[in-house]
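These notes concern the structure reproduced below.
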Amino acid sequence: MGACSSKSAVKKAPSDDSSTDRESLFTAVETDNTHQIAKLLKRGIDVDARDENEYTALLLAAETGATKSVGTLLKAGADRDARDSFGRSAVYAAAVGGKDAAVAKLLEAGASPRNADRDGRGPFWAACATRDTKIAARLLQAGADVDEQDNNGVTALRYAVAHGNADVAEFLRAHGAAEVDGGRLSMSPAVGEEVPETFTNPSPRSAGEASAGAASL
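Residues in the sequence shown are numbered consecutively from 901, following my numbering.
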């Protein structure tokens, strides 16, 4: 028999373009290119497409402070309360990143100021831990709980006092935060007293990029 013709050759499985489409959307967000975002969405790309860390374009826009992109994505129907693999919402990502304008836009769109991450820490708690009282005040006005506790029962005031953040402690007390141990705890915790761990921003996307970089060394 003769050689098989090219027509009878085994066909390759169609490639999955969803990952490429998502990355194109994420790239447009990182440059705050709303024209490109609108163009991609018009092509049918899922506005809530997620990467391996459950990041959406809105989460990325919030974290990077791409305020125009936040507005465009919300207008396109993005889930304003979507969470990543660490339980962080867009409001949380913007708050911990110090992106006040993005926080404001998300709250105006009805995003919750109370959604906590997997450690039980909400946007308000995180903003106080990073000493951003401007964003913390905005979140309180939107309905955040001044006495919210993380999974270890630590409040924002408890954290501020334990870490010597006097300005934050003053802010919290001025907004009615319940006193730690009836007010007996000084700015320097007593000997033997457990000090809340130092807060770090659990960004799965950043962690993933760092891991990839380490793996390439």
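Yeah, the Cβ is synthetic: ideal placement off N, Cα and C, and Gly gets one too. These numbers were taken from a predicted model, which means no experiment stands behind them.
**Item:** Collapsed DSSP secondary structure at ARG980 in the structure displayed
**Value:** Position 80 of the sequence shown holds residue 980. In this structure, ARG980 counts as coil in the three-state DSSP scheme.
**Request:** Starting from the C-beta of ASP948, find all residues in its chain whose C-beta is less than 7 Å away, skip the five residues before and the five after it, and write them out in chain order.
**Result:** Numbered from 1 along the sequence shown, position 48 holds the residue referred to as residue 948. Answer for ASP948: THR956, ALA978, ASP979 and ALA982, listed in chain order.
**Residues of its chain near PHE926, where Cβ-Cβ distance is below 7 Å and the 5 sequence neighbours each way are ignored** = If you number the sequence shown from 1, residue 926 lands on position 26. Answer for PHE926: ALA957 and LEU960, listed in chain order.
**Asked** Under the three-state reduction of DSSP, which class applies to SER924: helix, strand or coil?
**Response** Locating residue 924 in the sequence shown gives position 24, counting from the first residue. Helix, per DSSP.
**Prompt:** Where does SER918 sit, in a helix, a strand or coil, going by DSSP?
**Reply:** By 1-based counting over the sequence shown, the position of residue 918 is 18. Of the three classes helix, strand and coil, the one that applies to SER918 here is helix, per DSSP.
**Message:** Cutting at 6 Å between CB atoms, please list the residues of its own chain near ASN1051, excluding the five before and the five after it.
**Reply:** Along the sequence shown, read from residue 1 onward, the residue named residue 1051 stands at position 151. Contacts found: ASP1019 and GLY1020.
**Request:** For GLY1022, I'd like the list of residues in its chain whose CB is within less than 6 Å of its CB, leaving aside the five on either flank, ordered along the chain.
**Result:** Counting from one through the sequence shown, the residue named residue 1022 turns up at place 122. Within the same chain, GLY1022 has close Cβ partners ARG1014, ALA1016 and GLU1048.
**Message:** Report the CB separation of ALA1074 from VAL1061 in whole angstroms; it is logged as a contact under 8 Å.
**Reply:** On the sequence shown, residue 1074 is found 174 positions in, with the first residue counted as 1. On the sequence shown, residue 1061 is found 161 positions in, with the first residue counted as 1. That pair is no contact at about 14 Å.
**Prompt:** Apart from the five residues just before and just after ARG1034, which ones in its own chain have a Cβ nearer than 8 Å to its Cβ?
**Reply:** Counted from its first residue, the sequence shown places residue 1034 at position 134. One point to set straight first is that residue 1034 is Lys, not Arg, in the sequence displayed. Answer for LYS1034: ASP1000, listed in chain order.
**Request:** Measure the C-alpha to C-alpha separation of THR1100 and ALA1066 and round it to an integer number of angstroms.
**Result:** As a working note, residue 1100 is residue 200 in the sequence shown. As a working note, residue 1066 is residue 166 in the sequence shown. THR1100 and ALA1066: Cα-Cα distance of roughly 19 Å.
**Prompt:** Quick one: is the Cβ of ALA994 within less than 7 Å of any heavy atom of the ligand FMN?
**Reply:** Ligands displayed in this structure: none; no statement on the ligand FMN is therefore possible.
**Request:** Identify whether LYS956 lies in helix, strand or coil by the three-state DSSP scheme.
**Result:** Counted from its first residue, the sequence shown places residue 956 at position 56. The question names Lys, but residue 956 in the sequence shown is Thr. Three-state result, THR956: coil.
**Message:** Need the endpoints of the alpha helix (DSSP H) that THR972 sits in, please.
**Reply:** Along the sequence shown, one-based indexing puts residue 972 at 72. THR972 -> alpha helix (DSSP H) spans 967 to 975.
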